[in-house]
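Asks: Following this message is one structure expressed as structure tokens.
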Ligand code: TMP
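Numbering (the numbering used here), first residue to last: 879 to 1088.
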């Protein structure tokens, strides 16, 4: 991919269920783009600001099993609002390519499809939290819930520790979102690391050429 002058920054998000390999793919793409002299910023959600990393700890800590569903939603949105203000808006102004591990789609599927909170309400609150910033492109790394949980392995955090049925709702929610927004959300089978990376590069190239 040859470096083109970007007229503006880009927000590219990576979505997927547990164990879908998002962070590996983000690292590969960040290295690839950096080698081609693009300005790249890697972020993760919840996280990537001091405040949002603090919220991440609270949200993922198994000891906090008492957190109710509405508070869970509000905390994810609070972490996002801070990230948008502190990192995303300034980077977009600097014509940076932002590679963000999860964004608003995660909330729609984990808290909406997974927990059953009202999706219209989540969308409205998400717009408020982000100032209606929508990713330019989203890579959805698709994997069966059981296989993903097996790959994620190790000790499960507060969200990973939820039932297989919950994680299946998350996966199906993602696929439904991709059907709703086929131009923005590109579904990629999360199987082979280098084949997935190649597909991501190809889709990004197509996107940049339009
Ligand atoms: P990660 O492990 O992929 O970094 O994501 C953190 C966990 O938080 C993961 O289990 C998905 C979950 N999550 C939500 O439930 N809602 C959200 O809005 C986001 C961003 C993440």
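Note that the Cβ used here is the ideal one computed from N, Cα and C, for glycine as well.
Going by DSSP, which residues form a beta bridge with residue 892?
Replies: Residue 892 sits at position 14 when you count from the first residue of the chain shown. Residue 892 pairs with 979 and 1017.
Asks: Using only Cβ atoms and a threshold of 5 angstroms, which residues come within that distance of a heavy atom of the ligand TMP? Order them by chain position.
Replies: Result: 923, 954, 980, 984, 985, 988 and 1037.
Asks: Which of the three DSSP states, helix, strand or coil, is assigned to residue 1082?
Replies: As a position in the chain shown, residue 1082 is number 204, starting the count at 1. Three-state DSSP puts residue 1082 in a helix.
Asks: By the DSSP assignment, the alpha helix (DSSP H) with residue 987 in it spans what residues?
Replies: Walking along the chain shown from the start, residue 987 turns up at place 109. From DSSP, residue 987 is part of no alpha helix (DSSP H); its letter is neither H nor E.
Asks: Please classify residue 946: is it buried, with 16 or more other beta-carbons within 10 angstroms of its beta-carbon, or exposed?
Replies: What you label residue 946 is simply residue 68 of the chain shown in a count that begins at 1. Flag for residue 946 reads exposed.
Asks: Whose C-beta lies closer than 7 angstroms to the C-beta of residue 1063 among residues of the same chain, with five residues either side of it excluded?
Replies: One-based indexing of the chain shown puts residue 1063 at position 185. If we look at residue 1063 and ignore the five residues flanking it on each side, its Cβ neighbours are 1016, 1018, 1055 and 1056.
Asks: If you draw a straight line from the alpha carbon of residue 955 to that of residue 1004, how long is it in whole angstroms?
Replies: What you label residue 955 is simply residue 77 of the chain shown in a count that begins at 1. What you label residue 1004 is simply residue 126 of the chain shown in a count that begins at 1. For residue 955 and residue 1004, the distance between alpha carbons rounds to 7 angstroms.
Asks: I need the straight-line Cα distance from residue 903 to residue 989, nearest angstrom please.
Replies: As a working note, residue 903 is residue 25 in the chain shown. As a working note, residue 989 is residue 111 in the chain shown. Near 24 angstroms, if we compare the C-alpha coordinates of residue 989 and residue 903.
Asks: Decide yes or no for the touch test of the segment 970–984 against the segment 916–927: beta carbon pairs closer than 8 angstroms, at least 3 of them.
Replies: A contact exists between the segment 970–984 and the segment 916–927.
Asks: So, using beta-carbon positions, are residue 958 and residue 912 closer together than 8 angstroms?
Replies: Mapped onto the chain shown, residue 958 falls at position 80. Mapped onto the chain shown, residue 912 falls at position 34. Result no, Cβ atoms of residue 958 and residue 912 do not sit closer than 8 angstroms.
Asks: Touching or not, the segment 1033–1042 and the segment 932–943, by the rule of three or more beta carbon pairs under 8 angstroms?
Replies: Yes, since at least three Cβ pairs between the segment 1033–1042 and the segment 932–943 fall closer than 8 angstroms, the two stretches touch.
Asks: With a floor of 3 residues, list each beta strand (DSSP E) that falls wholly inside the segment 1031–1082, ordered by position along the chain.
Replies: As far as the segment 1031–1082 is concerned, its whole beta strand (DSSP E) runs of at least 3 residues are 1063–1067.
Asks: Examine the Cβ distances between the segment 994–1003 and the segment 1020–1029 and report whether three or more of them are shorter than 8 angstroms.
Replies: With the cut-off at 8 angstroms, the segment 994–1003 and the segment 1020–1029 do not touch.
Asks: Are the Cβ atoms of residue 1089 and residue 1045 separated by less than 8 angstroms?
Replies: Nothing about residue 1089 can be read from this structure; the chain reaches only from 879 to 1088.
Asks: Where does residue 922 sit, in a helix, a strand or coil, going by DSSP?
Replies: Taking the first residue of the chain shown as position 1, residue 922 is located at position 44. In the structure shown, residue 922 sits in a strand (DSSP, three-state: E or B).
Asks: As a quick exercise: from 936, 929, 996 and 944, pick the residue whose alpha carbon is nearest that of residue 964.
Replies: For the purposes of this step, residue 964 is taken as residue 86 along the chain shown, with counting starting at 1. The shortest C-alpha separation from residue 964 is found at 929.
Asks: Sort 885, 1031 and 1085 by Cα distance to residue 899 and report the nearest one.
Replies: Your numbering for residue 899 matches position 21 in the chain shown. Ranking the options by Cα distance to residue 899, first place goes to 1031.
Asks: Between the C-alpha atoms of residue 1075 and residue 1014, what's the straight-line distance to the nearest angstrom?
Replies: Translated into the one-based positions of the chain shown, residue 1075 becomes position 197. Translated into the one-based positions of the chain shown, residue 1014 becomes position 136. Whole-angstrom Cα-Cα distance: 18 angstroms.
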